[in-house]
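Below: the structure, in structure tokens.
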Amino acid sequence: MSKDLGTIFNNDCNNILAALDGERSSPGDYRRVVDALLEHRPGLLAQDVGQPDPVVFRSRVATPLSRYLVEIARQVWPDAPTDSAERQRDLLERMFREGTDPLQVTIEACRAAGVRVVASFRMNAEDWYGHTFRLSDFGRDHPEWRVLRPDGTPAGNLDPAVPQVCEHRLHLFAEVAAQYDVDGLELDFRRWYHMVSDPLRNHGVLTRMVRLTRALLDDAARHKGRGRMLLGARVGPSLDAEPNPFLFPGIFYPQKPVNASCRELGLDVRTWIAEGLVDYLCPSLFLATLPGLPLTAEFVELARDTAVGVYPTLWPLAAWMHGVGERRVDLADEDQRPLALYKHDLCAAALRMYADGADGISTFNWYSHLRDARVPHLWTDGEGAAGSGADAVQSYVYPLLRDAERLRHYLREPWAVPPG
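This is the structure:
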């Protein structure tokens, strides 16, 4: 089953919340956008639900994202407007008041569409930089438990090498597995770089956490009377060596390690596969531009003769069209060459992943469902956005990603604009 998931759509926790209209939007409006996403026909939706704390589901363990989001946004970006953060806060609080949340609505939509769904946790995202830990009560109570960078300075996230931090996360995972009708969990180790202090020594900490997560999923499956629940992981783009990075040109992160391989991040993928702990892996660069290819063949060889599926991550933006607002790809452009080039680059990268032995494709930061759903705040339409043409190609290509031959056929077609 794990080698036959088709495509895996990782959807971040705030793109729909930010695109809707805060208090004026409803859980039904949120559902409408999820339905637009599911029209892309992914095989599995990995819905991001937490950082891992704060979260966007109703929890007795974690802090809701809405509690400190606006406060922290003002501290991190003091000269920027906070209307996006306010919309996210207001809609999330309305959903809670009405007895639901983004995860619950997403599960209901997936069940109606026959799409499997897992709750994805970003294991140590630092999207709010040094203030990230202050988004949760747990982090505010224990700033001394932050990850230490190689130079000894604290990062913006908490350190699972601290036993209480690891225990807190396991409580979160168990809560979702027991209380929500998910098909499993995904551990996203590909958002930023600091997963644990001193990763070359502390890789056993993360392996223990993966091992315990596997055990709690098995326990939840027994209590629910169902078969094995999925455990996926988004991991580095290589096992040991840094591949050609194709890094996102708008991101400069001076604390990036020597390389972003699984080894340098503290991810002992070899042990995870040997012990049968995970069901699928998504090797990925961090904020890559096309082609942005991970070293897929390394993972395919490692997973050979096992049940573990390999789903490398296809990023949607090319360096020539995006990064610092250089170029959008719009349907209204008289010159259709950028649109044709974008179609070529997207399909060619996916086909290379299949040539390297991938069982399927995973995606990250694809937002064309927002335009398809005609949301009131199309935040990806700002400076540097992909544009309507790129969104149209993404919407057309996504259902093709599970089938290399259909991708080849589309790549050979003479038109630049997606048919229909």
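Numbering-wise (the numbering used here), the sequence shown opens with residue 2 and increments by one.
Just so it is clear, CB atoms sit at the ideal spot from N, CA and C, and this is done for glycine as well.
### Query
Does the beta carbon of A126 come closer than 8 Å to any beta carbon on chain D?
Protein chain content of the structure displayed is limited to a single chain, and chain D is not contained in it.
### Query
In terms of DSSP beta bridges, what is C283 paired with?
R235
### Query
Around the C-beta of G185, are 16 or more other C-beta atoms found within 10 angstroms, so that it is buried, or is it exposed?
buried
### Message
Going by DSSP, what residue range makes up the beta strand (DSSP E) through Q48?
### Response
45-51
### Pair within 8 Å by beta-carbon distance, V270 and L282
yes
### Task
Taking S85 as part of the alpha helix (DSSP H), name the residues at either end of that continuous run.
84-98
### Three-state secondary structure (DSSP) of F300
helix
### Given L294 as reference, the closest of K225, M322, A349, L39 once Cα atoms are compared
A349
### Query
Can you tell me whether L201 is buried or exposed, with buried defined as 16 or more other CB within 10 angstroms of its CB?
exposed
### Message
Restricting to runs no shorter than 4 residues, where is the alpha helix (DSSP H) found entirely within the region 313-367?
### Response
338-356
### Query
CB-CB under 6 Å to L45, same chain, minus the five flanking residues each way: which ones, in chain order?
L6, I9, R117
### Task
Using alpha carbons as the reference points, say which of A351, R191, E414 lies closest to P284.
R191
### Query
What residues in its chain sit with their C-beta under 7 Å from that of D241, if we drop five residues either side in the sequence?
S262, R264
### Same chain, Cβ closer than 8 Å to V50, neighbours up to 5 away in sequence not counted
C14, V56, V57, F58, P103, L104, A120, S121, F122, V177
### Query
According to DSSP, which residues form a beta bridge with V119?
A47
### Query
Contact check, H378 vs D22 under 8 Å by CB: the rounded distance?
7 Å
### Span of the beta strand (DSSP E), counted from its first residue to its last, around A81
From DSSP, A81 is part of no beta strand (DSSP E); its letter is neither H nor E.
### Query
Can you tell me whether DSSP reads G228 as helix, strand or coil?
coil
### Task
Starting from R61, trace the beta strand (DSSP E) both ways and give me its first and last residue.
Where R61 is concerned, there is no enclosing beta strand (DSSP E), given that its DSSP letter is neither H nor E.
### Task
Provide the residue(s) that pair with A162 in DSSP beta bridges, ordered along the chain.
BP columns for A162 are empty, so no partner.
### Query
Since L38 is in the beta strand (DSSP E), which residue starts that stretch and which ends it?
Here L38 belongs to no beta strand (DSSP E); instead the alpha helix (DSSP H) covers 28-39.
### Query
What number of angstroms, rounded off, separates the C-alpha of H195 from the C-alpha of V236?
12 Å
### Message
For a quick check, are the C-beta atoms of D331 and S396 less than 8 Å apart?
### Response
no
### Query
DSSP state of P65, grouped into three classes?
strand
### Query
Just reading off the beta strand (DSSP E) that E265 is part of, what are its end residues?
Looking at the DSSP string, E265 is not in any beta strand (DSSP E); the run it does join, the alpha helix (DSSP H), is 263-266.
### Task
Using beta-carbon positions only, say whether N203 and A162 come within less than 8 Å of one another.
yes
#### Entry: C283 Cβ short of 7 Å to the ligand PLP heavy atom set
The ligand PLP is absent from the structure shown, which contains no ligands of any kind.
### Inter-residue Cα distance where the pair is F365 and D199
27 Å
### Message
For a quick check, are the C-beta atoms of L268 and L207 less than 8 Å apart?
### Response
yes
### Query
How close, in whole Å, do the beta carbons of E87 and V71 come, if the pair is a contact with beta carbons under 8 Å?
6 Å
### Contact check, W273 vs V311, beta carbons under 8 Å
no
### C-alpha gap between P419 and T154, whole angstroms
49 Å
#### Entry: Straight-line gap, L159 to L18 (C-alpha atoms, nearest Å)
25 Å
### Message
Give me the residue from E145, E109, G233, T101 with the minimum Cα distance to S363.
### Response
G233
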